[in-house]
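Visitor: Chains A and B, in that order, give the protein sequences.
Going by the working numbering, the first sequence opens with residue 1262, and the numbers climb by one from there.
Going by the working numbering, the second sequence opens with residue 633, and the numbers climb by one from there.
No residue lacks a Cβ here, since even glycine has one placed at the ideal position from N, Cα and C.
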Amino acid sequence: MNMLAHQVRADQLIFWRGRESAVFVFLFPVLLFLLLSTVYSGEYRGRPLTDYLVPSLITYGIANTAFGGLAITLVLRRESGVLKRIRATPLPGATYLGATLCSTFLVFVLQATSIMVLGRLLYDWHLPAEWQSLFAAFLIGFLCFAGMGLGAASLIRSAEGASAVVNVIILPMAFLSGGFGPTRDFPKFLQAIADVLPLTYVVDIVQGVVYDGSPIWEHPRAIAVLAAWGLAGTLVAARFFSWEPRER
Amino acid sequence: MAAVEVRGLRKSYGGQEAVRGIDFEIDEGEVFCLLGPNGAGKTTTVEVLEGYRTRDAGDVAVLGFDPQERERSFRERIGVVLQHSDTWPNVTVAETLRIYAGYYRSPRDVGEVIELVGLNAKRDARVKTLSGGQRRRLDLGLALVGDPDLVFLDEPTTGFDPQARRNAWDMVRGLRALGKTILLTTHYLDEAQQLADRVAVLRDGVIVKEGTPAELVAASQTEIRYRENGEVKVVATDAPTRVLHDLTSRAVSEGRELEELEVRRGSLEDVYLDLVREEEHA
């Protein structure tokens, strides 16, 4: 437990010191929220658009931190030999990975809080009545994407390719899934693609909570899909994760 | 008690046998050097002893542990300097060492380690601003911060300029003075000669010679050179007195001079090159 706390502190120090990662992982979704909420106005389903944008940009933040940030960090540390060296210390591998997940989660919590506070200050956004369900949806989404992040880190072979691969996945996914705005008017075939993307299911639960006041347990199918994606990612990681650089 | 015992160690990668049955022992407090050209199996051997690789055959005991079990109490007692590895670029020297110190039950004082590896002036510098040599010293510091009994140094001075190499050698001598057991790999002969109590020469996954640097040189042949009929003759022999006696008495009885006569004891370099070259003759 002590070692976990020690490593989480270390990971936080390393994260915030690395300005590029802090900007890309933490700040980017916050900036996109400010941008989109400035550009788009009006209403969606009879409510101010901010009601849509605040939670959906947070779901994009989930993909960006738990999937993108986690995968890129792990690949960079693996390829530069950081993980290999840590393997020779008494720090257990599970503690190291646990700390990485906790630290990533802290970054996400801070990011989500920033988006909600900005929404409140700039657009008088308020938490929905079923706020516990909203937070539960974020947590489930985070775990699902963290599992996929571990899986992606295990499959990505080179440090150079990591951020390209991750962004090619995240940005179109967030767009198609409704992370950047409603997809109601998208062509059918794009909606069909969105139906297989995990982020769509996080957005669906969030919309249900916000617009229909339906609590989290009224979305068993979405939860099942997310659990399946998260589990698939974790299984890929269990099979292919490596502490050592790929042989060059 | 031996710090490291290796018997019949074998390890293959994809059908290629990198280590083909080697035996050696390292005593406590000894500096032991695996010397050999690139691809001889040095790193494979070290990585088996560090617990990174499982062996295909043989018995290995490191500080009484089987390294491939990767027990935590084993990792408490070893320090590892890998051939290539980075640390977090935006964290300072002292912070990096403090992070590592937190992994061990009874770490050394971080200030002491910084002193030991001579990074006092760079204590609060971010790692990305360090020179190659300074990074290598930080690597050594990270290997020492857990106060290990056994330190693995895999090619610690490859790519160093001569001055940096001397500094690194002094540091290794310092470790030895602290009573640490050290397993060093290198392809530099002078490094082995300068630092090692004992040397094992590795070639194609087997140990072709083992002993103190002095023994290796003593086992070498003496080289006798002279010129005869305008042609340089070279005789390598284990019995230089007799060969020289034969040569000179023949020359004296024929009333001629052995031109450019030269008698030379082999250096470790000759021994090493002979050992490594044997493969080409085979």
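With DSSP collapsed to three states, give me the class of residue 1438/A.
Guide: The residue labelled residue 1438/A in the question sits at position 177 within the first sequence. DSSP places residue 1438/A in helix when its eight states are reduced to three.
Visitor: For the alpha helix (DSSP H) containing residue 1276/A, name the first residue and the last one.
Guide: Indexing the first sequence from 1 puts residue 1276/A at position 15. Taken as a continuous stretch (DSSP letters only), the alpha helix (DSSP H) holding residue 1276/A covers 1263-1278.
Visitor: Of all Cβ atoms in chain A, is any one closer than 8 Å to the Cβ of residue 670/B?
Guide: Within the second sequence, residue 670/B is the residue found at index 38, counting from 1. So no, residue 670/B is outside the interface.
Visitor: Beta carbons nearer than 8 Å to chain B: which residues of the region 1262-1281 of chain A have them?
Guide: Those would be 1264, 1267, 1268, 1271, 1274, 1275, 1278, 1279 and 1280, in chain order.
Visitor: Hey, how far is the Cα of residue 1343/A from the Cα of residue 739/B?
Guide: Working through the first sequence from its first residue, we reach residue 1343/A at position 82. Working through the second sequence from its first residue, we reach residue 739/B at position 107. Each residue's Cα considered, the two are about 20 Å apart.
Visitor: Check for me: the beta strand (DSSP E) holding residue 816/B runs from which residue to which?
Guide: Working through the second sequence from its first residue, we reach residue 816/B at position 184. That run of the beta strand (DSSP E) goes 813-818.
Visitor: For a minimum of 3 consecutive residues, which ranges assigned as the beta strand (DSSP E) are wholly contained in the region 672-731 of chain B?
Guide: The qualifying runs are 689-694 and 710-713.
Visitor: Any beta carbon of chain D sitting closer than 8 Å to that of residue 1352/A?
Guide: In summary, chain D is missing from the structure at hand, where the protein chains are A and B.
Visitor: Does any residue of chain B have a CB that is nearer than 8 Å to the CB of residue 1346/A?
Guide: If you number the first sequence from 1, residue 1346/A lands on position 85. Closer than 8 Å: yes.
Visitor: Can you name the residues of chain A whose CB is closer than 8 Å to the CB of residue 717/B?
Guide: For the purposes of this step, residue 717/B is identified with residue 85 of the second sequence, where counting begins at 1. Here the neighbours are 1341, 1342, 1343, 1345 and 1346.
Visitor: In whole angstroms, what separates the C-alpha of residue 644/B from that of residue 686/B?
Guide: As a working mapping, residue 644/B is identified with position 12 in the second sequence. As a working mapping, residue 686/B is identified with position 54 in the second sequence. The straight-line gap from Cα to Cα measures roughly 10 Å.
Visitor: Does the region 846-856 of chain B come within contact of the region 890-899 of chain B, defined as at least 3 CB pairs closer than 8 Å?
Guide: They touch, by the three-pair rule.
Visitor: Below 8 Å on the Cβ atoms is my contact criterion, and I expect residue 1467/A with residue 1417/A to pass it. Report the Cβ-Cβ distance as a whole number of Å.
Guide: Along the first sequence, one-based indexing puts residue 1467/A at 206. Along the first sequence, one-based indexing puts residue 1417/A at 156. Going by Cβ atoms, the distance from residue 1467/A to residue 1417/A rounds to 28 Å, so no, they are not a contact pair.
Visitor: Report the rounded CA-to-CA distance for residue 761/B versus residue 752/B, giving the unit in angstroms.
Guide: Residue mapping note: residue 761/B aligns to position 129 of the second sequence, counting from 1. Residue mapping note: residue 752/B aligns to position 120 of the second sequence, counting from 1. Using only the alpha carbons, I get a separation of about 14 Å.
Visitor: Is it right to say residue 633/B is buried, meaning 16 or more other beta carbons lie within 10 angstroms of its own, or is it exposed?
Guide: Working through the second sequence from its first residue, we reach residue 633/B at position 1. So residue 633/B counts as exposed.
Visitor: Out of 693/B, 818/B, 792/B and 650/B, state which residue places its alpha-carbon closest to the alpha-carbon of residue 659/B.
Guide: By one-based count along the second sequence, residue 659/B stands at place 27. Comparing Cα-Cα distances from residue 659/B to each of 693/B, 818/B, 792/B and 650/B, the minimum goes to 693/B.
Visitor: So for residue 834/B, helix, strand or coil by DSSP?
Guide: The sequence position of residue 834/B within the second sequence is 202, counting from 1. Note: residue 834/B maps to strand in three-state DSSP.
Visitor: I'd like to know if residue 914/B contacts chain A, where contact means its C-beta is closer than 8 Å to some C-beta of that chain.
Guide: The sequence position of residue 914/B within the second sequence is 282, counting from 1. Below a pLDDT of 50, predicted positions are generally treated as unreliable, and residue 914/B, at 46, falls in that range; the measurement from the model is reported next regardless. Answer no: the Cβ-Cβ gap between residue 914/B and chain A never drops below 8 Å.
Visitor: With DSSP run on the structure shown, which of helix, strand or coil describes residue 758/B?
Guide: Walking along the second sequence from the start, residue 758/B turns up at place 126. Reduced to three states, the DSSP call for residue 758/B is strand.
Visitor: Could you tell me how far apart the beta carbons of residue 777/B and residue 742/B are, in whole angstroms, since I believe they sit closer than 8 Å?
Guide: Along the second sequence, one-based indexing puts residue 777/B at 145. Along the second sequence, one-based indexing puts residue 742/B at 110. Yes, they are in contact, since the Cβ atoms of residue 777/B and residue 742/B sit about 7 Å apart, within 8 Å.
Visitor: For the beta strand (DSSP E) that contains residue 1327/A, what are its first and last residues?
Guide: Translated into positions along the first sequence, residue 1327/A becomes position 66. First-last for residue 1327/A: undefined, no H or E at that position.
Visitor: Quick one: does residue 1502/A have its CB under 8 Å from some CB of chain B?
Guide: Taking the first sequence and counting its residues from 1, one reaches residue 1502/A at position 241. So no, residue 1502/A is outside the interface.
Visitor: How many angstroms separate the CA atom of residue 1330/A from the CA atom of residue 1346/A?
Guide: Translated into positions along the first sequence, residue 1330/A becomes position 69. Translated into positions along the first sequence, residue 1346/A becomes position 85. Using only the alpha carbons, I get a separation of about 21 Å.
Visitor: Please confirm if residue 714/B has its CB atom under 8 Å from at least one CB of chain A.
Guide: For the purposes of this step, residue 714/B is identified with residue 82 of the second sequence, where counting begins at 1. So yes, residue 714/B belongs to the interface.
Visitor: At least one CB of chain A closer than 8 Å to the CB of residue 707/B: is that the case?
Guide: If you number the second sequence from 1, residue 707/B lands on position 75. True, the Cβ-Cβ gap to chain A drops below 8 Å.
Visitor: With a floor of 3 residues, list each beta strand (DSSP E) that falls wholly inside the region 840-914 of chain B, ordered by position along the chain.
Guide: Runs found: 854-860, 863-869 and 891-897.
Visitor: Would the region 705-721 of chain B count as touching the region 744-751 of chain B if we require 3 or more Cβ pairs under 8 Å?
Guide: Output reads no: the region 744-751 of chain B does not touch the region 705-721 of chain B.
Visitor: Mapping DSSP to helix, strand and coil, what is residue 1357/A?
Guide: Against the first sequence, residue 1357/A aligns to sequence position 96. Note: residue 1357/A maps to helix in three-state DSSP.
Visitor: For the region 721-744 of chain B, enumerate the residues whose C-beta is nearer than 8 Å to any C-beta of chain A, in chain order.
Guide: Within the region 721-744 of chain B, the residues whose Cβ lies closer than 8 Å to some Cβ of chain A are 721, 722, 723, 727, 731, 732, 734, 735, 736 and 737, listed in chain order.
Visitor: In its own chain, which residues sit with a C-beta less than 6 Å from the C-beta of residue 1306/A, not counting the 5 before and 5 after it?
Guide: Working through the first sequence from its first residue, we reach residue 1306/A at position 45. Closer than 6 Å at the Cβ level, and outside the excluded window around residue 1306/A, lie 1472.
Visitor: Run the proximity test for residue 668/B: is its beta-carbon closer than 7 Å to any non-hydrogen atom belonging to the ligand HEM?
Guide: The ligand HEM is absent from the structure shown, which contains no ligands of any kind.
Visitor: So, under 8 Å CB-CB, residue 668/B and residue 835/B are touching, yes? Tell me the CB distance rounded to an integer number of Å.
Guide: As a first step, residue 668/B must be located in the second sequence, where it is residue number 36. As a first step, residue 835/B must be located in the second sequence, where it is residue number 203. That belief holds up - the Cβ atoms of residue 668/B and residue 835/B are roughly 6 Å apart, short of 8 Å.
Visitor: From what residue to what residue does the alpha helix (DSSP H) around residue 1453/A run?
Guide: As a first step, residue 1453/A is located in the first sequence; it is residue number 192 there, counting from the start. Residue 1453/A -> alpha helix (DSSP H) spans 1449-1455.
Visitor: With DSSP as the reference, label residue 1339/A as helix, strand or coil.
Guide: Numbered from 1 along the first sequence, position 78 holds the residue referred to as residue 1339/A. If DSSP states are grouped into helix, strand and coil, residue 1339/A belongs with the helices.
Visitor: Output the distance between the C-alpha atoms of residue 825/B and residue 1266/A, rounded to the nearest integer angstrom.
Guide: As a working note, residue 825/B is residue 193 in the second sequence. As a working note, residue 1266/A is residue 5 in the first sequence. If I take the Cα positions, the gap works out to 45 Å.
Visitor: Could you tell me if residue 832/B is buried or exposed, where buried requires 16 or more neighbouring beta carbons within 10 angstroms of its beta carbon?
Guide: Taking the first residue of the second sequence as position 1, residue 832/B is located at position 200. Residue 832/B is buried by the Cβ-count criterion.
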